[in-house]
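Residue numbers (this note's numbering), protein chains in the order written: chain A, 4 to 268; chain B, 801 to 1507; chain C, 2 to 331. Quick reminder that beta carbons are idealized off the backbone N, C-alpha and C, glycines included. Read the structure below first, then the notes.
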Amino acid sequence: MREETIDPELTADERRLLEDLLHDENDDFSAAGLQRRNFLKQVMAAGGGVLALQLAGENNLLAQAVPASPSAVPPGTINTVKLSLKVNGVVRSLTLDSRMTLLDALREKLALTGAKKGCDHGQCGACTVLVDGQRVLSCLTLAAGCEAKSVTTIEGLAKSGKLHPVQASFLKNDGFQCGYCTPGQICSAVALLKEAKNGEASYVTKDLRTKGPVQLSPEEIRERMSGNICRCGAYPNIVAAIREVHEGKDAAQAWSFVEQTNHSS
Amino acid sequence: MNEPKNIGQGLDRIDGLLKVTGAANYATDYKIKNVAYGVIFKSTIAAGEIATIDLSEAEKLPGILTIITHKNAPTLNVKGGIRGGALLQGPKIEFFGQHIGVVVAETFEQARYAAQLVKVTYRNGEGRVDFEKLAKEAELPKEKDKADKRRGDVDAAMSSSEVTIDAVYETPIEHHQPMEPHSTIAVWEGDKLTLYNGSQIVNGAQSAAAATLNIPPANVRIITPYIGGGFGSKGGQWANLVLTAVAAKMINRPVKLALARQQMFNSVGLRQKNVQRMRLAATKDGQLTALAHETVTHTASDAEFVEPCGDCSKLMYATPNSLITYRVFPMNVMLPTYTRGPGKSTGSFALESAMDELAHKLNMDPIELRIKNEPAKDPSNDKPWSSRTTVQCLQDGAKAFGWSKRNMKPGVTMEGDYLVGYGVAAGTYPARQRDTSALVKLSRKNNEVEAIVELAASDLGTGTFTILAQTAADALGIPMDKVAIVIGDSQLPPAAGSVGSVGAASFANAVNDGCIKITDELIAKSGKQFFKRPTAREMMLTEKLASFESRVDAKPPAEAENYSVHSFNANFAEVWVHKTTGTIKVQRMLAVTGAGKILNPKTARSQIIGGNVWGLGMALMEESVLDPRYGNFVTRSLADYHVPSNLDIGTIDTIFIDEDDKVPNKLGIKGIGEVGIVGVAAAIANAIFNATGKRVRDLPITPDKLI
Amino acid sequence: MRPFKYSKTSEASKAVSIVSGSPKAQFLAGGTNILDLMKEDVERPDQLVDITRLQINQVTTLASVGGKAGVKLGALGKNTEAANHPLVRQQFPVLSQAILAGASAQIRNMATNGGNLNQRTRCPYFYEVSMPCNKREPGSGCSALKGINRMHAIFGWSENCVAVHPSDMCVALAALDAKVEVQGAKGKRSIDFKDYHRLPGDQPEKDNTLEHGELITAIDLPGNSFNKSYYLKIRDRASYAFALVSVAALLETNGSTIRRASIALGGVAHKPWRAYEAEKFLAGKSATAENFRQAAELEMKQAKTLAHNEFKIELGVRAIVQALNQALES
């Protein structure tokens, strides 16, 4: 299979465009906004040219994008809870309605919109994030209960301009279509690999009495990823992406062509 | 055209990086200053009228900005193109779960709670919600397309033929349930409205919103570069889009409104239930003498939509006698709409199951039966095929799948505790191109030429971004990473939608035409003669132009009308059914597809496997169950309405026929989003029959139906 | 979701006293079910006491009964931890299987052992607040009784409620004769698992015999002599779905003879359903397909079906047979 290598080098023009895109012109921009821009810079550094150009359109929209300050309390808020937690390595202090879920806190307070609201009831997995290293559903987690916890979202997986291997593998294996479930799928997959290493079992594990790391068969990956619904049906590619990281060897090309034998017109 | 370097390559998605990092902005991901939150509340009866709405408790909650009901909603144009009603224009209730109001508050938590405190009383009407009771009232649809199509005399052929099949196949109500619930952020600046909203048809959303709000389309901007799936449900637009705009206007502040997953069952259309009677007649050696496909279905109480279930039946097989009919009756249920492979996915379940039944009765291989009845031209209109790959799909698929290992006798092949069966089905979907414009902008800095291509196209996961970059790069002679594709914005040149498999053909041909046109103009402008046609990039460099742009308005070729133009496919399934518990595993599937030029096999394959996953869901689990007493869906969440999980899916192989058919359009693109699901449910049901000897004619085939 | 006061404590007695003293206060552990229900306006607590910091989350060895050591599961341990703990995997693999058959990895990472017992039914009429439901609103009627009841009970239901208990873990706990340790304002007590969950009778609003404010502190798994086991779950899709029927099957065999069987069913009643008739029949019999079938039929003969769930009888028979077969192979 032909693999597109990610070129970390930007041309001078792209770098200039990037600077323009991310110019700190807006004093209103909160810490969250800055974090998002730093994150975008990282992503772009990883992505190169097309992406930077691609974002040119997005930039117009982001220009007025000012997320609410995480400590600001909207009018009429009752039962406020104050807490500090670590999000993607940064300590964040929040004041929020006790009813707010971790998902809504990430999205609406911290402007980290990677985690998605697919069902808000624990039935789809699109909101999956890592809390203290474990994959959980942020839609069924009260933000108020996250005092002193460490949360990693999809935005926190790429490190110093380099994609997490699972992210790179999803990209290469086309482990998504619309992309809406993808942040949840990737967070889930990152945790899954660790769980397997730790020897955690699944319902399809043949012998529960066996100890030690689990070699992930396609069946094992499928069962362990079944809490993440993908309506586009990218499942075979998601499994391939995870296998590739787990086994450390390239997945085979997944399609083939045959010559047309009969031309009617 | 230049030598293709990128078209046909299985390249990674250019928008993939944004998607794997969480940076792709879907409608509610835009960070908008001072945004308020809307939550819709619903009717809890199926038919009647609102008698009273008591907002007193809700209104006095802190943080509530306004509550909109039919009493204070502005007058909207209900014929403006928003589907499904529910625009708060009066007290009338047409279905359970209809929107009856919107709470707008400072926070989502406040709005959701207030919506729960609204108290409504009703004057109950007679709800028409029992399909079985109402089906006998079904009448001929108003839509011309659904008139009876009769050729020859089916009844006579049925009574004189040696072998016949007469069976009824049922497919239930299904819901699209894209992962992104329908969501909107509405921002007014003076009389200009911006709507961040997932829209498969960008300009359609713009015109529907504008017309419904009684404002000029030029005042409405739709922004939708990333769409979290749609499958037809974001083709038309629904009340939630306009109600968000109304709310934002009323409080003079931006409003964000996302439907709750539970609301998705009553807000954005559905696939209707179809009861399909199939009659087939044949000679002893398998020559079809008659084919009748008669569908009874339901629509909304105040609007008609009928899925074209007979579409495959009218053209897949040669037969002297044919009958295609539709009958429909109104119900107090949400308006049905286009759902992946509309009519073809459900209709092919009936047709291709019946063909399998006929083959079994004839003791004939089902592939052989299909090939034997291959029509030389389109039986529905006598037009020649531009290209038809059915036979090749079946034969090449049989070879690749190991069809020869199939036991003709059902219910006898075992692997351990499992009964094993093979099934096959054929399918088709029309290929069309629609009017689309595109603007190509070139800029040069020193020795680099970059292109920005703009059009109001959409990418709901289909790969539009990527295939357009590939097309433009090849047509301009510019490397892929110097091409930016800007889509998903109604201010861009107007484009067709990502619906009915017209997206790729319409968008890519427009982009290609635009690139050819800009190259022509550059050459003409230079006043020079060339032996070898230069690329646009070369012209920009040699003419030392800083920038140049050109717009094209592309149209489908007129001569395509003289042909019957379709994608074709064959689906194969190997199914294991547990002999004791009846649980079903689809071990492997194979899709062989002749869909013209495959621009990017990586994203094309994803479309096909997605279609297969949808077909499996249709075959084995998807069903929206109505309570015939109240008209509510008992399957009201993703825990009750099952879509396939990862473990449900085995191996899916895809083979493309390298088809060169330039009749439909210059690039020979036919589209693959829809055809991938057509025939899949039948292939699985046929495999289950081959495994167990049980013929299940009502979907979904859950374990209880096999014990 | 109604507004509520959020508080947290690391002392069990304090948590118990807050909740006991306030009729609308509730404990918050994993939150996977209560938040779901609060968003739907089914549960309406005015106060949530976050107990996730209580130090009752360990898996420990329980003093042996008759030479077989048992295991104590701290109530606030996560389902994932219980399923993967070496003591559970070695001694009670059926419990691991049952837990792993439920929900998804994410939910099992959040859900606690105690919370799993207190899951509420997934009956859609219970969730839809506009519909009558005696469990949600006593006296309002049961919409499922004459409604769509494919997923509903075939054992032990009443005219007031035909809902089923959704847990997989509890089915295994029922078969294992677990004990539920609770702490309330009036002190501590231990409840036999068979007495923990209730049948609906005329009080379907009560899922179990816990008093308001009583806190589950541990689940005890007594040592046993079963040498074969399996948890089988049959559902409408392969994973991440509630059971149509599930079976926890435990066998103590000697050669081909069954000394003792313990069988519990899920998805069929308001509580995990112990198949006592089948167990009685199998004791002392040889482990043959015919005996399995007879035992299963004997049990399912007592079932009373509703309009849409007649299939559960035959499916139940087959599920019991298959679970026993797979237990035998374990």
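Report yes or no: is there a C-beta of chain C within less than 7 angstroms of the C-beta of Tyr1363 of chain B? no
So which residues of chain C does Gln137 of chain A contact, with C-beta pairs closer than 7 angstroms? The answer, in chain order, is Asn110.
Residue span of the beta strand (DSSP E) that contains Phe841 of chain B, given as start and end: 836 to 842
Name the DSSP beta bridge partners of Thr1502 of chain B, please? None, per the DSSP bridge assignment.
In or out: Lys197 of chain A buried (at least 16 other Cβ within 10 Å) or exposed? It is exposed - the Cβ of Lys197 of chain A has fewer than 16 other Cβ atoms within 10 Å.
Give a yes or no on whether 7 angstroms exceeds the smallest Cβ distance from Thr258 of chain C to chain A. no
Could you check if Thr210 of chain C is buried or exposed, using at least 16 other CB atoms within 10 Å of its CB as the buried criterion? Classification for Thr210 of chain C: exposed.
CB of Asn34 of chain C within 7 angstroms of CB of Gln120 of chain C, strictly: yes
Closer than 7 angstroms at the beta carbon, the chain C residues around Gly1 of chain A: Look at the range of chain A in this structure, 4 to 268, and you will see that residue 1 of chain A is not part of it.
Quick check: the Cα distance between Arg54 of chain C and Ser21 of chain C, rounded to an integer number of angstroms? Cα to Cα, Arg54 of chain C sits roughly 19 angstroms from Ser21 of chain C.
Looking at the strands, I want to know which residues DSSP matches up with Asn161 of chain C. As far as DSSP is concerned, Asn161 of chain C takes part in no beta bridge.
Three-state secondary structure assigned by DSSP to Ser1350 of chain B: strand
Amino acids of chain C, ordered along the chain, whose beta-carbon sits closer than 8 angstroms to that of Met1421 of chain B: Residues of chain C whose Cβ lies closer than 8 angstroms to the Cβ of Met1421 of chain B are, in chain order, Asp237, Arg238.
Apply the 10 Å Cβ neighbour rule to Thr104 of chain A and answer buried if 16 or more other Cβ atoms are within range, or exposed otherwise. buried
Looking only at C-alpha atoms, which of B:Ser999, B:Asn1040, B:Ile845, B:Ser1180 sits nearest to Leu887 of chain B? B:Asn1040
Meets three-Cβ-pair contact criterion under 8 angstroms: the segment 226 to 235 of chain A and the segment 803 to 811 of chain B: Touching, no, given that fewer than three Cβ pairs across the two stretches are closer than 8 angstroms.
Does any residue of chain A bring its CB to less than 7 angstroms from the CB of Met2 of chain C? It does: the Cβ of Met2 of chain C has a partner Cβ on chain A nearer than 7 angstroms.
Under 7 angstroms between C-beta atoms, does Tyr913 of chain B make it to chain C? yes
My output table needs one value for Met2 of chain C: the three-state DSSP class, helix, strand or coil. coil
Could you check where the beta strand (DSSP E) with Phe895 of chain B kicks off and where it finishes? Counting along the chain, Phe895 of chain B falls outside any beta strand (DSSP E), and DSSP gives it neither H nor E.
Taking C-beta pairs closer than 8 angstroms, name the residues in chain C that Tyr238 of chain A reaches, listed in chain order. Result: empty, since nearest Cβ-Cβ is about 11 angstroms, beyond 8 angstroms.
Using a Cβ-Cβ cut-off of 7 angstroms, state whether Leu37 of chain A counts as contacting chain B. Here Leu37 of chain A scores only 42 on pLDDT, less than 50, and its place in the model should not be relied on; the value that follows carries that caveat. No, no contact with chain B.
Sorted by chain position, which residues of the same chain lie with C-beta nearer than 8 angstroms to Ala16 of chain C's C-beta, five sequence neighbours on each side aside? Thr10, Phe28, Val50, Ile52, Leu55, Leu216
Cβ-heavy atom distance, Gly1030 of chain B to the ligand SAH, below 6 angstroms: The ligand SAH is absent from the structure shown, which contains no ligands of any kind.
Using 10 angstroms around the beta-carbon of Leu195 of chain A, count the other beta-carbons present and answer buried if the total reaches 16, otherwise exposed. buried
Closer than 7 angstroms, CB to CB, is Ile1 of chain C near chain B or not? The structure shown does not extend to residue 1 of chain C, since chain C is modelled only from 2 through 331, so no value can be given for it.
If you measure from the beta carbon of Leu1447 of chain B to each beta carbon in chain C, is any gap under 7 angstroms? yes
Where Cys1112 of chain B falls: helix, strand or coil (DSSP): Cys1112 of chain B carries a coil assignment under DSSP once its states are collapsed to helix, strand and coil.
Is any beta-carbon of chain C found at less than 7 angstroms from that of Gln916 of chain B? yes
Buried or exposed, going by whether 16 or more other CB atoms sit within 10 Å of the CB of Leu1268 of chain B? buried
Taking just the CA atoms, how far does Thr1393 of chain B sit from Pro186 of chain A? Our two residues, Pro186 of chain A and Thr1393 of chain B, have alpha carbons roughly 31 angstroms apart in a direct line.
Is there a C-beta anywhere in chain A that falls below 7 angstroms from the one on Pro804 of chain B? Between Pro804 of chain B and chain A, the shortest Cβ-Cβ separation is not below 7 angstroms.
Are there 16 or more other CB atoms within 10 angstroms of the CB of Asp203 of chain C, so buried, or fewer, so exposed? Exposed, by the Cβ-count rule.
Establish whether the CB of Gly1216 of chain B and some CB of chain A are separated by less than 7 angstroms. no
CA-to-CA distance, Ser999 of chain B to Lys1034 of chain B, given in whole angstroms: 5 angstroms
Just checking: is the beta-carbon of Phe1456 of chain B within a distance shorter than 7 angstroms of some beta-carbon in chain A? yes
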